[in-house]
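Enquirer:
Number of protein chains: 2
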Amino acid sequence: MPEFLALDTATAIDYVRKIPGLFPPDADLACTEIGDGNINFVFIVKDNKTGRSAVIKQSLPYLRSSGKDRLLTVDRARIENEALQLEYEMCPDLVPAIYHTDLNNALTVMEDISDHLNLRKGLIQRRKYPNFARHIGLFLARTLFLTSDLALDGKAKKALLSRFINPEMCEITEKLVFTVPYYDAVTTKYTPGAAAAGAALRENDALKFEAARLKDGFLTRAQALLHGDLHTGSIFVTETSTKVIDPEFAYFGPMGFDIGAVIGNLVLNYAAQAYHSPTPAEREDYRRYLLTTIEEVWRTFETEFSRLWDEQTVEVTAQAPGYKEYYIRSVLQDACGYGGCKAIRRIGRAQVEDFKAIPDEAARAAAEVYALALGEAMVLRREGISRIEDLTEMVKGIPEPAL
Amino acid sequence: MPEFLALDTATAIDYVRKIPGLFPPDADLACTEIGDGNINFVFIVKDNKTGRSAVIKQSLPYLRSSGKDRLLTVDRARIENEALQLEYEMCPDLVPAIYHTDLNNALTVMEDISDHLNLRKGLIQRRKYPNFARHIGLFLARTLFLTSDLALDGKAKKALLSRFINPEMCEITEKLVFTVPYYDAVTTKYTPGAAAAGAALRENDALKFEAARLKDGFLTRAQALLHGDLHTGSIFVTETSTKVIDPEFAYFGPMGFDIGAVIGNLVLNYAAQAYHSPTPAEREDYRRYLLTTIEEVWRTFETEFSRLWDEQTVEVTAQAPGYKEYYIRSVLQDACGYGGCKAIRRIGRAQVEDFKAIPDEAARAAAEVYALALGEAMVLRREGISRIEDLTEMVKGIPEPAL
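In order, the protein sequences belong to chains A and B.
Residue numbering for the first sequence follows the working numbering, starting at 1 and increasing by one per position.
Residue numbering for the second sequence follows the working numbering, starting at 404 and increasing by one per position.
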């Protein structure tokens, strides 16, 4: 096995020069490293003559913060690369194109999407994206339907599944999403004013019961190939374009987990916006936009999934009367429950910027308490949901804590 | 890859002579072939001097009936071998010991259990086995609990799962158990008097809906390593001993599928016994024994599974109050549903001997109609079951068709 080549901004330029056809021989290349995580490098290489650019994402076998001794596997680089390729085949407009793959060095060279803004940042700035909901709804419907037993025969599905057994990344989700918030008083860390609400999770038997059921679904239900980490930070947007990146958590799990990641993160922003600055009218306008977006994500998913079901299902038993409607409703209930888990998990230790962006500590604490209440309702009341409006009405019906 | 050596009774003797320590050098070996299937050989080799014997099971890469040209993979031999080894580790008294493994030739040499009777034959003869229910209940509890996410951490479970992706054998189950009885009028073949009841399955929307849900569970729920084909023909018994063989269908699926296979096949015998020969008193005594056996299988499973849960669960979220009881009840409902599917599937084309043993055609047809009604009730009414007595009472409450 050749030695692992960890790139830096200089060797990254040398590296891309050797990829045939990517840049002209006389390109004037510049490179910057933009990775914000601890286990990956992300380089942008740009030709100052033509303006053409590319991104290199490299997974490291150690933590950047702790030197070279702590070893991780880089199988996640293969999984991310293969998932990206598959997603690109299913949704070419919604995923960066891959230019070059080098699994020996755990790296993928791909389309530069830095003209897009991270959706989480866009939401914090209260920007509206008229195409996002439709795009992500289509992404969800196509990737989830086309990798399920509905669209693949048993052998093809099992062959695909065997390429996406992802123990290391799944372990992170299993622990941080489903266990830590309910059992781990040490590693959870709420804004002081929200600590009591955080501690109450660990005493809430009904919530712990439902979290156990949802974790069991995450552990055991190989329903479709998931992105696995589809929060608003993995989605990049412009007014007209949407790109999904970073599927290193890809594995076969319950469809509702991906849909719930999108909905849960929109709900988090909805909670945080209740305490964001400008006028009440502006705030409420944006929060209405967020709920409308949730509804449009689901409706697009449902319409496209249903169309694919009618046109492309290979599973004979799926034609049983009423089964499609039952199946889609179950996915909605799962999405509601997993969305609630994702919301709860992002309050506390793994706090998202939506809340960090609230400067006033009391307001931030109130937003956290509110988000926990929304997440809890989504988990506990999911089985009463049969249309997306049931979910958005439920969210609207839970008042934000007064300051 | 060395050439595949298909054994015959002569080369089988040569083969076992070369296994160190299995037989003495001067053994007087005789061999018979006892396989009744089309894709495997089963040889018994016996030393006439010492009485010591061994079984060779060899999987063929072609169908015995159609010569050497129709190729199958023999990965099922690896899966069967590895599943047997694992089951032996968990339940050493309940599985034949393995003496020798040769995956290049798709064969396993193991303990000869021919002093045991096939349980299906024993049931047809109305024999009672005082230890069978307890033994199989323990086998189910241990193999299912110890290979689940309850007992294994995420990485260990996924590593095990990746060894038991079994597309070829699963495809057989997916098709014959969950699809053919409800959609395939050509390959189903009932005794003429039961043909109308068989055809009615294909018009029964509620049943097709539930069969679709249960098939989805079989396709997607990687809950534990299953035996995968645990009907009464895969179980061998004496008064004091029980041995489970033939796990070539092993894969990660819903626990209720294995438990349902046992219960469903006991229900099949219960239906057939209603039309078997001797006095009504003898018949009814035996049928009561069968229902008591179903109850004891489940109670043993439940007690042992619950004990393992209390003592060996590594999954933190499983401690949520009420979750264990909920989980076990869900397994019971799954077992009831899968048992119903297994019963329905064994009427018609894949008819079991329990029914073939009824010589009178009208009686056989009545038994088939009865078994279909029992299977249908188990599928449709499973979610109302919360104790095993609910299941046996339901079975008792469905009258056998008069002749």
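Glycine included, every Cβ here is placed at the ideal spot set by N, Cα and C.
Note that this is a predicted model, so its numbers are computed, not measured.
For P802 of chain B, tell me which candidate among B:Y773, B:E792, B:T795 and B:I788 has the shortest Cα-Cα distance.
Expert: Numbered from its first residue, the second sequence carries residue 802 of chain B at position 399. Among B:Y773, B:E792, B:T795 and B:I788, the Cα nearest to that of P802 of chain B belongs to B:Y773.
Enquirer: Tell me which residues of the segment 169 to 188 of chain A have at least one Cβ-Cβ distance to chain B shorter than 8 Å, keeping chain order.
Expert: Going along the segment 169 to 188 of chain A in chain order, one finds C170, E171, E174, F178, T179, Y182 and Y183 with a Cβ nearer than 8 Å to chain B.
Enquirer: Checking the sheet assignment: what are the DSSP bridge partners for L694 of chain B?
Expert: Numbered from 1 along the second sequence, position 291 holds the residue referred to as residue 694 of chain B. Bridge partners of L694 of chain B: none, in fact.
Enquirer: What is the rounded straight-line gap between the Cα of T412 of chain B and the Cα of C434 of chain B?
Expert: For this step, residue 412 of chain B is matched to residue 9 along the second sequence. For this step, residue 434 of chain B is matched to residue 31 along the second sequence. Going by the C-alpha atoms only, they are around 5 Å apart.
Enquirer: So, using beta-carbon positions, are P192 of chain A and L84 of chain A closer together than 9 Å?
Expert: In the first sequence, the residue the question calls residue 192 of chain A occupies position 192. In the first sequence, the residue the question calls residue 84 of chain A occupies position 84. No; because the gap between Cβ atoms is not below 9 Å, this pair is not in contact.
Enquirer: Cutting at 6 Å between CB atoms, please list the residues of its own chain near G778 of chain B, excluding the five before and the five after it.
Expert: Taking the first residue of the second sequence as position 1, residue 778 of chain B is located at position 375. So the qualifying residues of the chain are G743, A746 and I747.
Enquirer: Just to confirm, is the Cβ distance from E89 of chain A to A250 of chain A under 9 Å?
Expert: Here residue 89 of chain A refers to the residue found at position 89 of the first sequence. Here residue 250 of chain A refers to the residue found at position 250 of the first sequence. Cβ atoms of E89 of chain A and A250 of chain A: not closer than 9 Å.
Enquirer: Between V719 of chain B and chain A, is there a C-beta pair that is closer than 9 Å?
Expert: Residue 719 of chain B sits at position 316 when you count from the first residue of the second sequence. Cβ-Cβ to chain A under 9 Å: yes for V719 of chain B.
Enquirer: So which residues on chain B does Y323 of chain A lean against when the C-beta distance must stay under 7 Å?
Expert: Translated into positions along the first sequence, residue 323 of chain A becomes position 323. Result: F612 and A615.
Enquirer: Would I19 of chain A pass as a contact of L29 of chain A if the rule is Cβ separation under 9 Å?
Expert: The sequence position of residue 19 of chain A within the first sequence is 19, counting from 1. The sequence position of residue 29 of chain A within the first sequence is 29, counting from 1. Their beta carbons are not under 9 Å apart, which means I19 of chain A does not touch L29 of chain A by this criterion.
Enquirer: Write down the C-beta distance between H231 of chain A and N265 of chain A rounded to the nearest angstrom, noting that I regard them as a contact closer than 8 Å.
Expert: Against the first sequence, residue 231 of chain A aligns to sequence position 231. Against the first sequence, residue 265 of chain A aligns to sequence position 265. Rounded, the Cβ-Cβ distance is 5 Å, consistent with contact.
Enquirer: From K560 of chain B to I34 of chain A, what does the alpha carbon distance come to, in whole angstroms?
Expert: Numbered from 1 along the second sequence, position 157 holds the residue referred to as residue 560 of chain B. Numbered from 1 along the first sequence, position 34 holds the residue referred to as residue 34 of chain A. Approximately 36 Å, taken between the alpha carbons.
Enquirer: Can you list the alpha helix (DSSP H) stretches of 4 or more residues lying completely in the segment 204 to 247 of chain A, in chain order?
Expert: Here the runs fully enclosed are 205 to 220.
Enquirer: Sort B:R686, B:I731, B:Y586 and B:R790 by Cα distance to F708 of chain B and report the nearest one.
Expert: For the purposes of this step, residue 708 of chain B is taken as the residue at position 305 of the second sequence. Comparing Cα positions, the closest option is B:I731.
Enquirer: Nearest to T576 of chain B by CA position, among B:G656, B:A598, B:R790 and B:K531, is which residue?
Expert: Taking the first residue of the second sequence as position 1, residue 576 of chain B is located at position 173. If we check each option's Cα against that of T576 of chain B, B:G656 comes out closest.
Enquirer: Please report whether the beta-carbon of S789 of chain B lies at a distance below 9 Å from any beta-carbon of chain A.
Expert: What you label residue 789 of chain B is simply residue 386 of the second sequence in a count that begins at 1. Judged by the 9 Å Cβ criterion, S789 of chain B is not in contact with chain A.
Enquirer: What residues of chain B sit near P61 of chain A, judged by a beta carbon separation below 8 Å?
Expert: The residue given as residue 61 of chain A occupies position 61 in the first sequence. Those do not exist, as P61 of chain A stays about 17 Å from chain B at its closest Cβ, beyond 8 Å.
Enquirer: Under 9 Å, do A335 of chain A and I245 of chain A count as touching if we go by C-beta distance?
Expert: In the first sequence, counting from the first residue as 1, residue 335 of chain A sits at position 335. In the first sequence, counting from the first residue as 1, residue 245 of chain A sits at position 245. No, they are not a contact pair.
Enquirer: In whole angstroms, what separates the C-alpha of I347 of chain A from that of R605 of chain B?
Expert: Numbered from its first residue, the first sequence carries residue 347 of chain A at position 347. Numbered from its first residue, the second sequence carries residue 605 of chain B at position 202. Roughly 51 Å separates the two Cα atoms.
Enquirer: Determine the extent of the alpha helix (DSSP H) in which F548 of chain B is found, giving its start and end residues.
Expert: Taking the first residue of the second sequence as 1, we reach residue 548 of chain B at position 145. Taken as a continuous stretch (DSSP letters only), the alpha helix (DSSP H) holding F548 of chain B covers F535 to L549.
Enquirer: F355 of chain A and L138 of chain A: beta carbons closer than 9 Å?
Expert: Translated into positions along the first sequence, residue 355 of chain A becomes position 355. Translated into positions along the first sequence, residue 138 of chain A becomes position 138. Contact flag unset, no.
Enquirer: Within 8 Å, do at least three Cβ pairs link the segment 305 to 318 of chain A to the segment 143 to 155 of chain A?
Expert: Cβ pair count under 8 Å is three or more, so yes.
Enquirer: For L290 of chain A and Q125 of chain A, I'd like the C-alpha separation in whole angstroms.
Expert: Residue 290 of chain A sits at position 290 when you count from the first residue of the first sequence. Residue 125 of chain A sits at position 125 when you count from the first residue of the first sequence. Roughly 13 Å between the two C-alpha positions.
Enquirer: Does the separation of the CB atoms of S621 of chain B and F581 of chain B fall below 9 Å?
Expert: Position 218 of the second sequence, counted from the start, is the residue given in the question as residue 621 of chain B. Position 178 of the second sequence, counted from the start, is the residue given in the question as residue 581 of chain B. The sequence as given places Phe at residue 621 of chain B; Ser does not occur at that position. Contact: yes.
Enquirer: Please report the distance separating the alpha-carbon of Y326 of chain A from that of K155 of chain A.
Expert: Numbered from 1 along the first sequence, position 326 holds the residue referred to as residue 326 of chain A. Numbered from 1 along the first sequence, position 155 holds the residue referred to as residue 155 of chain A. Their backbone Cα atoms lie some 25 Å apart in a straight line.
Enquirer: Report the neighbours of I165 of chain A on chain B: residues whose CB is nearer than 8 Å to its CB, in chain order.
Expert: Translated into the one-based positions of the first sequence, residue 165 of chain A becomes position 165. Neighbours of I165 of chain A on chain B, chain order: K561, L564 and S565.
Enquirer: Ends of the alpha helix (DSSP H) at S277 of chain A?
Expert: Stepping through the first sequence from its first residue, residue 277 of chain A is reached at position 277. Segment: none, S277 of chain A is in no alpha helix (DSSP H) and carries neither H nor E.
Enquirer: Kindly identify the DSSP beta-bridge partner or partners of E514 of chain B.
Expert: Within the second sequence, residue 514 of chain B is the residue found at index 111, counting from 1. Looking at the DSSP assignment, E514 of chain B forms a beta bridge with B:A457.
Enquirer: May I ask you to report which of helix, strand or coil DSSP gives K524 of chain B?
Expert: Here residue 524 of chain B refers to the residue found at position 121 when the second sequence is read from its first residue. Reduced to three states, the DSSP call for K524 of chain B is helix.
Enquirer: Which value, in whole angstroms, describes the spacing of the CA atoms of A281 of chain A and G397 of chain A?
Expert: In the first sequence, the residue the question calls residue 281 of chain A occupies position 281. In the first sequence, the residue the question calls residue 397 of chain A occupies position 397. Cα to Cα, A281 of chain A sits roughly 19 Å from G397 of chain A.
Enquirer: Which residues in the same chain as L806 of chain B place their Cβ atom closer than 8 Å to its Cβ, once the five residues preceding and following it in sequence are excluded?
Expert: Position 403 of the second sequence, counted from the first residue, corresponds to residue 806 of chain B. For L806 of chain B, where only same-chain residues beyond five positions count, the Cβ hits under 8 Å are Y678, A765, A766 and A769.
Enquirer: Can you say whether K49 of chain A is buried or exposed, counting buried as having 16 or more other CB atoms within 10 angstroms of its CB?
Expert: Position 49 of the first sequence holds residue 49 of chain A. Classification of K49 of chain A: exposed, given that the 10 Å Cβ count is below 16.
Enquirer: Using 8 Å as the cut-off, classify the Cβ of Q488 of chain B as near or not near the heavy atoms of the ligand COA, replying yes or no.
Expert: In terms of ligand content, the structure shown is empty, and the ligand COA therefore cannot be addressed.
Enquirer: Contact criterion: CB-CB distance below 9 Å. Does A480 of chain B meet it with respect to chain A?
Expert: Locating residue 480 of chain B in the second sequence gives position 77, counting from the first residue. By this cut-off, A480 of chain B is not an interface position.
Enquirer: Rounded to whole angstroms, how far is the Cβ of I697 of chain B from the Cβ of T795 of chain B, which I believe are closer than 8 Å?
Expert: As a position in the second sequence, residue 697 of chain B is number 294, starting the count at 1. As a position in the second sequence, residue 795 of chain B is number 392, starting the count at 1. Contact holds; Cβ gap of about 6 Å.
Enquirer: Between which two residues does the alpha helix (DSSP H) carrying C494 of chain B extend?
Expert: Within the second sequence, the letter at position 91 stands for residue 494 of chain B. It is not in any alpha helix (DSSP H) - C494 of chain B carries neither H nor E in the DSSP assignment.
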